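Asker: Take this structure first; my questions come after.
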Amino acid sequence: MSSSKEQRLQVANTILMQLGGRRFSMMTGAKQFVAIERGLLFALPARLAKQGINKVRIELEANDTYTVTALKVNARRGDVIEVQCESMVYCDQLEATFERMTGVYTRL
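Structure, rendered in structure tokens:
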């Protein structure tokens, strides 16, 4: 399924808003937000999240749920390790899923 740049940006922005928008990025230190074909990819500060998680990918599925994947990326060695993956996540569960996977809270 090919998507236009506008569609990718719209999906990525929607995911970010469902996570909490600006509050989410301020509370978690998330940065380097990238609109990917079906979702959003972003980086977390080093040594912040549990199990060395430093990237999170959230993808919209055809059934209107999300697949959230926590990654440990070592650019120096070229390693990408999938630490945890959860599918069938509804939009109202995104924050809780992120918190459970990373150990990083999204609100006070």
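Residue 108, in UniProt numbering, is where the sequence shown stops; the numbers in between run on with no holes. Where is the CB? At the ideal position from N, CA and C, for every residue including glycine. Everything numeric in this text was worked out from a predicted model, so none of it was measured.
Quick one: does Asn54 have its CB under 9 Å from some CB of chain B?
Answerer: No chain B appears in this structure, which consists of one protein chain only.
Asker: Please look up how many angstroms separate the CB atoms of Leu44 and Val56, rounded, as I've assumed it's under 8 Å.
Answerer: In the sequence shown, residue 44 corresponds to position 44, counting from 1. In the sequence shown, residue 56 corresponds to position 56, counting from 1. Indeed they touch by this definition, with Cβ atoms about 7 Å apart.
Asker: Can you check DSSP and say which residues form a bridge with Leu108?
Answerer: Translated into positions along the sequence shown, residue 108 becomes position 108. In DSSP, Leu108 forms no bridge with anything.
Asker: Name the residue from Arg38, Ile53, Ile58, Asn74 whose alpha carbon lies nearest to the alpha carbon of Glu95.
Answerer: By 1-based counting over the sequence shown, the position of residue 95 is 95. Here the closest residue by C-alpha is Ile58.
Asker: Going straight from the alpha carbon of Val89 to that of Tyr66, what length do you get?
Answerer: Looking up residue 89 in the sequence shown gives position 89. Looking up residue 66 in the sequence shown gives position 66. Spanning the two alpha carbons is a distance of roughly 5 Å.
Asker: Around the C-beta of Gly39, are 16 or more other C-beta atoms found within 10 angstroms, so that it is buried, or is it exposed?
Answerer: Here residue 39 is taken as the residue at index 39 of the sequence shown, counted from 1. Flag for Gly39 reads buried.
Asker: Starting from the C-beta of Asp79, find all residues in its chain whose C-beta is less than 8 Å away, skip the five residues before and the five after it, and write them out in chain order.
Answerer: The residue labelled residue 79 in the question sits at position 79 within the sequence shown. Excluding residues within five positions, the ones whose Cβ falls inside 8 Å are Lys72, Val73.
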